[in-house]
Structures are given as C-alpha cells and as structure tokens.
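A.B. asks: There's a structure below that I have some questions on.
Residue numbers (this note's numbering), protein chains in the order written: chain A, 1 to 326; chain B, 1 to 286.
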C-alpha cells in the first residue's frame with residue numbers, strides 16, 4: 001500500500017518493481033478505511049446518469065402517483081384531490097378492463113408465436129454456411145425498419161382499393177377489395193402478423209447466437225452413442241438453450257407490453273374499441289381527452305404490472321452479463 | 001443397426017431440408033413489404049397505386065425530389081423533418097454517452113459498495129413503459145416552455161437508452177484486465193486519469209456500438225415525438241403519418257419518404273448485425 005502514496009516521479013523507477021508493487025496491492029484485501037473523497041468519487045461519476053434517469057423515470061412515477069388521486073386536466077386549470085375515484089373508474093370501467101385484457105392477450109400470443117417461430121428459424125440459420133451469412137443479414141432487415149414506417153407500409157399493402165394484399169388475394173379467388181382492418185378478428189391477425197414480421201427476427205438472431213455458442217462435444221458423443229436427432233435436441237440442445245430462450249422471452253415480453261406505434265397507425269384502436277390496448281387507452285385518455293387523473297391511475301396500474309417483470313429481467317440478463325457481479 | 005441409423009439419417013436430412021425451406025420462405029416473404037416500399041417509391045406519377053400493380057415501368061427519382069423539395073403548399077419539407085430526426089438522435093446519443101461512460105466506470109469500481117444495487121436499478125428502468133412517462137413529460141415540458149423543442153425529445157431518448165448504454169459499457173470495462181487500472185493507480189494516477197487515458201481508448205469500439213444503437217432507437221421513436229412536437233422539432237416518422245393529409249394519397253411520395261427514413265437505419269443495422277443483437281440484449285448474448 002506504500003506505493004499508492006508514492007509521488008508521480010516514481011514512474012522513473014524500473015518496470016520490475018512497479019509490477020511487483022502492483023501485484024502486492026492486488027493481493028490481500030487488507031485495505032485502509034476509505035477516505036471521504038475516495039468514497040464519493042463513484043457517486044460523482046454516477047451523478048449525471050442518475051440525474052437523467054431520475055428525471056425520466058422516478059420523477060414521472062412520482063407525478064403519476066400524485067396525479068392519480070386528483071382530477072387535474074391539462075387545459076382545465078388546477079383540479080383537486082379526489083381520493084380513489086380514478087382507480088375506481090379504472091377498475092370498474094368495462095373498456096379499461098377490456099384494454100388490459102387484450103393487452104395481455106396480445107403480449108401472450110405474439111411472444112409465444114415469435115418464440116416458437118424464432119427457434120424454428122434459428123435452427124437452420126445457425127449452421128455456419130455462406131448462404132446463412134446472407135440469410136442472417138436478410139433476417140435483420142424487418143427488425144431494423146422503423147416501427148412507424150413498417151405500420152404505414154402494412155397499411156398501404158392492406159388498403160382495400162389499391163393494396164397488394166387485397167389484389168393478390170383476389171387473384172387467388174378471395175373476395176375483391178377485402179378490408180382486413182375493418183373487421184376486429186382480421187385486424188387482430190394483421191397486428192399480430194406485423195409484430196411477428198418485425199420481432200421474430202430478433203428472437204431468431206438471439207437463439208442463433210446461442211446455438212452457435214454451444215459446444216459440439218456433447219452432440220458428437222451422443223451421435224456416437226446412436227442418439228436420434230430428436231433425442232439430441234430434446235436432451236442436449238434444448239436444455240443448453242434455456243438461458244437464451246429466457247433472455248429472448250423476457251425482453252420480448254417487456255417490448256411487447258410497450259407496443260404502441262403499430263396499433264396507433266394501423267387501427268388506432270378500432271374498429272370500435274376492439275384493438276385499443278392499454279397503451280392506446282392511456283394515450284387517448286391523457287393526451288387527447290386531457291383527463292390526466294384517470295390516465296395517471298391507469299399508468300400506475302400498468303407500471304405496477306410491468307414492475308413484476310423486473311426480477312425476471314435481473315435474473316436472466318444480470319446473471320448472464322457478468323456472473324461474478326450479480 | 002445399419003437400417004435404423006440410415007433411416008434416422010434420412011429423417012435428419014429431411015428435417016434439414018424442411019428447416020431450410022421454411023427459413024428461406026420466411027426471409028423472402030419478409031422482404032415483400034420492403035420491396036413494395038422501394039418499388040412504389042420509384043414509380044412514375046400516376047401508376048404508384050395502380051391496380052393491378054405495375055411491375056414494368058421506367059424507374060424515376062421524381063418522388064424523392066418532390067418529397068425533399070420545400071414549399072408547394074406543404075407546411076414543411078421532408079428534408080427538414082429528417083434533419084430534426086438526425087439532430088434529436090445525435091443529441092440523445094451524445095448525452096447518453098457523456099453521462100453513460102462515467103456511470104459505467106463507477107459501476108465497475110471495486111470499492112463502490114452500491115454498484116450492484118445501482119446496476120440493477122439502471123437495468124430495471126428498461127421496463128419503464130414510455131406511455132407512463134409521456135404524460136408527466138408532456139406536463140413538465142409545457143410548464144418549462146420546452147414543448148416542440150429538441151431537448152424535449154433528446155432528454156427522454158437519452159434516458160430510455162441509458163440502460164443499454166451503461167450495461168454495454170460496464171460489461172466491456174469488466175472484461176478489461178483489472179491489473180492495468182491497478183498499475184496506473186499505483187503510479188499515482190487518479191480515477192479520472194484511469195478513465196481518460198486507459199479505459200477510454202480501449203472502450204471506443206463498445207462506445208461505437210452503444211452510440212449506433214442509441215441513434216437507431218432514437219431515430220425510430222414515435223410516441224414521444226408524436227406527443228411533444230408540433231412543427232419545430234417534428235421528426236420524420238411522425239411527419240410520415242401526416243402525408244396522407246399533406247399529399248392526398250400520393251403513394252409515390254409516401255413510400256419515397258418511408259424509404260428515406262428507413263435506408264440509413266438498415267445500412268447501420270446490417271453492417272453491425274452482431275453488435276446490435278449483443279447490445280439489445282444488454283451484453284447477455286454475444
């Protein structure tokens with residue numbers, strides 16, 4: 001520890017002694033109590049990032065918890081404390097219940113389909129061939145497209161009068177000028193397909209990277225022992241892939257809960273309220289009807305639901321990113 | 001023995017063929033929307049939304065010229081919207097990197113007791129739904145007179161990308177041999193010297209990855225841009241939605257604008273494919 005206090009001109013000492021000193025300090029953990037300055041240093045480095053994050057997550061959270069108990073309107077001046085009124089409306093209102101219900105439905109269906117198809121795509125894509133290099137680049141394309149642009153393009157493709165989808169379905173004998181966004185069931189199918197088009201590649205690329213990182217020996221040993229390819233998949237590949245599947249599933253679930261652009265642009269929540277997921281509901285109540293109190297109450301409920309995902313995220317991401325630290 | 005192993009090999013071959021067919025069918029069908037977007041954008045006026053779709057036509061860049069030109073009854077040129085998008089994305093990226101690098105360094109300091117808790121907290125903010133933040137930010141921005149300005153988008157975008165930036169950089173610093181830092185400290189270097197002279201040069205590739213991801217995700221953002229801008233800071237994805245009103249249903253113009261939004265992002269993402277996936281999984285998948 002003496003070396004720490006050495007003046008800067010100690011750099012003139014020979015390399016060997018410096019290295020020895022370095023090794024000595026790296027060894028035992030008999031550290032002196034930290035000075036106040038040393039203790040505060042990391043906080044100084046952290047401060048700007050913490051300020052930005054507090055400003056955009058903690059401050060809004062405090063605001064919505066406060067406003068949820070009031071009836072403020074953005075344009076209508078100062079409101080007053082209304083107790084649990086907003087929460088009661090939020091819980092008892094049929095269209096709010098519907099919004100939460102279809103949000104969960106959408107997340108579940110989209111994520112499950114994307115996981116299954118993503119795995120099915122990752123298996124052939126993981127073989128390191130020249131064709132697959134092109135394949136992986138092509139795979140990335142939909143996932144790279146700006147979501148708002150993707151929704152706009154889908155909307156054009158589905159246009160009943162001029163869209164490719166309607167026309168080519170007509171060629172194959174479907175009724176002409178079919179309006180897929182005009183019917184709740186087909187609108188839902190379109191929204192899920194758009195989500196799958198955009199996000200299945202993300203899952204596939206995560207699982208592809210996972211498959212490529214698996215060691216070859218267990219599979220080779222199993223093959224020598226006469227295992228069938230199904231047995232190898234079931235007992236070797238799949239168990240080894242569980243951490244990657246967990247990462248993809250958790251990230252996709254969080255992202256799917258945040259989905260806004262495609263619904264806003266493609267259906268705007270319609271026809272009727274059939275596709276008004278909670279994100280659209282909060283947007284409409286808060287920023288179009290300017291009913292801040294109710295929107296914040298919905299936000300509080302949504303935030304609490306999403307917070308339940310935090311432990312999963314910390315587990316699958318935190319542990320894998322650096323095993324020693326978490 | 002031989003028969004069973006040969007049938008299982010035959011089954012495996014069949015499975016590989018089915019797998020590859022599915023993969024390439026997916027990839028080709030997946031290209032259709034992008035193909036539609038690009039082809040329509042180079043169609044001459046009048047045939048862009050013709051049914052049946054025209055496949056043979058003299059390609060033209062008229063739509064791009066028309067979209068990028070100012071005036072002509074349009075409230076703003078699409079070029080201005082792209083500029084706004086670029087300013088906001090680069091601004092958010094600069095802010096995220098400037099505050100993210102020191103934070104990532106602090107989170108690797110061994111004397112820093114709170115580092116685990118803070119790392120987890122930063123990661124967990126990724127879950128924070130933007131729709132929950134947008135109403136308070138709308139109210140704050142209005143009170144502070146920041147509505148429809150660049151900072152109203154730059155600060156939220158930086159914040160929402162900070163978990164990714166900090167985690168990428170933190171895991172990169174952890175991968176550097178700690179002895180280098182220690183040797184420098186022994187020589188009397190301050191933590192700032194260590195960050196600036198030792199860690200920063202080695203961190204540049206990771207900073208580039210984090211920066212590109214932040215640019216892409218900020219460029220693509222829609223909800224905040226839609227809620228917090230009117231004209232002065234309006235970004236391209238929001239402007240695109242108003243094209244139907246601005247140009248009637250000129251599909252040539254709409255798809256040209258869409259292509260202009262998407263093209264730079266596609267290039268960045270394809271070039272940095274591996275790093276993108278690693279980054280978007282917070283370094284958990286390499």
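All C-beta atoms, glycine included, are put in the ideal place defined by N, C-alpha and C.
Source: prediction; values computed, not measured.
Can you find a C-beta in chain A that's less than 8 Å from the C-beta of residue 63 of chain B?
C.D. replies: As a position in the second chain, residue 63 of chain B is number 63, starting the count at 1. Not closer than 8 Å to any Cβ of chain A, the Cβ of residue 63 of chain B fails to qualify, so no.
A.B. asks: Under 8 Å between beta-carbons, which chain A residues line up against residue 103 of chain B? List them in chain order, please.
C.D. replies: Position 103 of the second chain, counted from the first residue, corresponds to residue 103 of chain B. Going along chain A in sequence order, the residues near residue 103 of chain B (Cβ under 8 Å) are 45, 46, 48, 49, 50.
A.B. asks: Could you please give me the residues that DSSP links to residue 81 of chain A through a beta bridge?
C.D. replies: Reading the first chain from its first residue, position 81 is the one you call residue 81 of chain A. DSSP lists A:70 as partners of residue 81 of chain A.
A.B. asks: How would you call residue 21 of chain B, buried or exposed, if buried means at least 16 neighbouring beta carbons within 10 angstroms?
C.D. replies: The residue given as residue 21 of chain B occupies position 21 in the second chain. Classification of residue 21 of chain B: exposed, given that the 10 Å Cβ count is below 16.
A.B. asks: Taking the beta carbon of residue 171 of chain B as the centre, do at least 16 other beta carbons fall within 10 Å, making it buried, or is it exposed?
C.D. replies: Counting from 1 along the second chain, the entry for residue 171 of chain B is found at position 171. Buried, since its Cβ has 16 or more Cβ neighbours within 10 Å.
A.B. asks: Would you check if the stretch 182-201 of chain B and the stretch 45-64 of chain B touch, i.e. whether three or more CB-CB distances between them fall below 8 Å?
C.D. replies: no
A.B. asks: Quick check on the burial criterion: 16 or more other C-beta atoms within 10 angstroms. Buried or exposed for residue 97 of chain B?
C.D. replies: By 1-based counting over the second chain, the position of residue 97 of chain B is 97. So residue 97 of chain B ends up on the buried side.
A.B. asks: DSSP three-state label for residue 49 of chain B, please.
C.D. replies: Along the second chain, one-based indexing puts residue 49 of chain B at 49. It is coil, neither helix nor strand.
A.B. asks: When you compare the CB positions of residue 207 of chain A and residue 244 of chain A, do they come within less than 8 Å of one another, or not?
C.D. replies: Here residue 207 of chain A refers to the residue found at position 207 when the first chain is read from its first residue. Here residue 244 of chain A refers to the residue found at position 244 when the first chain is read from its first residue. Yes. Within cutoff.
A.B. asks: Any chance you could list the alpha helix (DSSP H) runs of at least 4 consecutive residues sitting entirely within the stretch 141-171 of chain A, in chain order?
C.D. replies: 147-157, 164-171
A.B. asks: Just to make sure I have the definition right: I need the residues of chain B whose C-beta is within less than 8 Å of the C-beta of residue 275 of chain A. Which are they?
C.D. replies: Working through the first chain from its first residue, we reach residue 275 of chain A at position 275. In chain order: nothing, as chain B lies at least about 16 Å away.
A.B. asks: Taking Cβ positions, are residue 160 of chain A and residue 274 of chain A nearer each other than 8 Å?
C.D. replies: One-based indexing of the first chain puts residue 160 of chain A at position 160. One-based indexing of the first chain puts residue 274 of chain A at position 274. In this structure, residue 274 of chain A does not lie closer than 8 Å to residue 160 of chain A by Cβ.
A.B. asks: Please state whether DSSP places residue 291 of chain A in a helix, a strand or coil.
C.D. replies: The sequence position of residue 291 of chain A within the first chain is 291, counting from 1. Residue 291 of chain A falls in the strand class under three-state DSSP.
A.B. asks: Could you have a look at residue 258 of chain A and say whether DSSP puts it in helix, strand or coil?
C.D. replies: The residue given as residue 258 of chain A occupies position 258 in the first chain. Coil, per DSSP.
A.B. asks: In angstroms, rounded to a whole number, what distance separates the CA positions of residue 40 of chain A and residue 199 of chain B?
C.D. replies: The residue labelled residue 40 of chain A in the question sits at position 40 within the first chain. The residue labelled residue 199 of chain B in the question sits at position 199 within the second chain. For residue 40 of chain A and residue 199 of chain B, the distance between alpha carbons rounds to 20 Å.
A.B. asks: Which of the three DSSP states, helix, strand or coil, is assigned to residue 206 of chain A?
C.D. replies: Counted from its first residue, the first chain places residue 206 of chain A at position 206. Residue 206 of chain A: helix per DSSP, three-state reduction.
A.B. asks: Which chain A residues are close to residue 126 of chain B, counting only those with a beta carbon under 8 Å from its beta carbon?
C.D. replies: The residue labelled residue 126 of chain B in the question sits at position 126 within the second chain. The contacting residues are 254, 313.
A.B. asks: Expressed to the nearest angstrom, what Euclidean distance is found between the alpha-carbon atoms of residue 92 of chain B and residue 157 of chain B?
C.D. replies: Residue mapping note: residue 92 of chain B aligns to position 92 of the second chain, counting from 1. Residue mapping note: residue 157 of chain B aligns to position 157 of the second chain, counting from 1. Straight-line Cα distance between these residues: approximately 6 Å.
A.B. asks: Residues in the stretch 264-295 of chain A with C-beta within 7 Å of chain B's C-beta atoms, listed in sequence order?
C.D. replies: 265, 279, 282, 283, 286, 287, 292, 295
A.B. asks: Cα-Cα, which of B:31, B:23, B:143 is closest to residue 127 of chain A?
C.D. replies: Position 127 of the first chain holds residue 127 of chain A. Comparing Cα-Cα distances from residue 127 of chain A to each of B:31, B:23, B:143, the minimum goes to B:23.
A.B. asks: What residue from A:79, A:312, A:282 has the CA that sits closest to residue 100 of chain A's CA?
C.D. replies: Translated into the one-based positions of the first chain, residue 100 of chain A becomes position 100. Of A:79, A:312, A:282, the residue nearest in Cα terms is A:282.
A.B. asks: Please decide whether residue 246 of chain B counts as near chain A, where near means a Cβ-Cβ distance under 8 Å.
C.D. replies: The sequence position of residue 246 of chain B within the second chain is 246, counting from 1. Confidence at residue 246 of chain B is low in this model, with a pLDDT of 49, below 50, so the placement of that residue is unreliable and no value is reported for it.
A.B. asks: Can residue 281 of chain B and residue 85 of chain B be called in contact, C-beta distance under 8 Å?
C.D. replies: Sequence index remark: in the second chain, residue 281 of chain B carries index 281 (1-based). Sequence index remark: in the second chain, residue 85 of chain B carries index 85 (1-based). Result no, Cβ atoms of residue 281 of chain B and residue 85 of chain B do not sit closer than 8 Å.
A.B. asks: Buried or exposed: which applies to residue 217 of chain A, given that a residue is buried once 16 or more other Cβ atoms fall within 10 Å of its Cβ?
C.D. replies: As a first step, residue 217 of chain A is located in the first chain; it is residue number 217 there, counting from the start. With fewer than 16 Cβ atoms within 10 Å of its Cβ, residue 217 of chain A is classed as exposed.
A.B. asks: Below 8 Å between beta carbons: does that hold for residue 228 of chain B and residue 111 of chain B?
C.D. replies: Indexing the second chain from 1 puts residue 228 of chain B at position 228. Indexing the second chain from 1 puts residue 111 of chain B at position 111. Their beta carbons are not under 8 Å apart, which means residue 228 of chain B does not touch residue 111 of chain B by this criterion.
A.B. asks: Secondary structure at residue 231 of chain B, three-state DSSP: helix, strand or coil?
C.D. replies: Working through the second chain from its first residue, we reach residue 231 of chain B at position 231. Here residue 231 of chain B sits in coil by DSSP.
A.B. asks: Would you say residue 364 of chain B lies against chain A (beta-carbon separation less than 8 Å)?
C.D. replies: In the structure as shown, chain B begins at 1 and stops at 286. Residue 364 of chain B is therefore absent and cannot be evaluated.
A.B. asks: Quick one: list the residues of chain B neighbouring residue 209 of chain A, beta-carbon separation under 9 Å, in chain order.
C.D. replies: Numbered from 1 along the first chain, position 209 holds the residue referred to as residue 209 of chain A. Those are 274, 277, 278, 281, 285, 286, listed as they occur along chain B.
A.B. asks: CB-CB under 7 Å to residue 249 of chain A, same chain, minus the five flanking residues each way: which ones, in chain order?
C.D. replies: Start at 1 with the first residue of the first chain, and residue 249 of chain A comes out as number 249. 111, 115.
A.B. asks: Closest by CA to residue 156 of chain A, which one among B:243, B:260, B:13, B:265?
C.D. replies: Position 156 of the first chain, counted from the start, is the residue given in the question as residue 156 of chain A. Cα-wise, what sits closest to residue 156 of chain A is B:243.
A.B. asks: If the criterion is Cβ atoms closer than 8 Å, does the pair residue 300 of chain A and residue 294 of chain A meet it?
C.D. replies: Start at 1 with the first residue of the first chain, and residue 300 of chain A comes out as number 300. Start at 1 with the first residue of the first chain, and residue 294 of chain A comes out as number 294. Contact: no.
A.B. asks: Taking all protein chains shown into account, decide if residue 253 of chain B is buried (16 or more other Cβ within 10 angstroms of its Cβ) or exposed.
C.D. replies: The residue you call residue 253 of chain B lines up with position 253 of the second chain. Burial call: buried.
A.B. asks: Taking the C-alpha atoms as reference points, what is the distance between residue 212 of chain A and residue 47 of chain A?
C.D. replies: Numbered from its first residue, the first chain carries residue 212 of chain A at position 212. Numbered from its first residue, the first chain carries residue 47 of chain A at position 47. So the alpha carbons of these two residues sit roughly 39 Å apart.
A.B. asks: Please confirm whether residue 160 of chain A has its beta-carbon closer than 8 Å to some beta-carbon of chain B.
C.D. replies: Here residue 160 of chain A is taken as the residue at index 160 of the first chain, counted from 1. Taking Cβ atoms only, chain B never reaches closer than 8 Å to residue 160 of chain A, which makes this a no.
A.B. asks: Spell out whether any CB of chain B is found under 8 Å from the CB atom of residue 41 of chain A.
C.D. replies: Position 41 of the first chain, counted from the start, is the residue given in the question as residue 41 of chain A. It does: the Cβ of residue 41 of chain A has a partner Cβ on chain B nearer than 8 Å.
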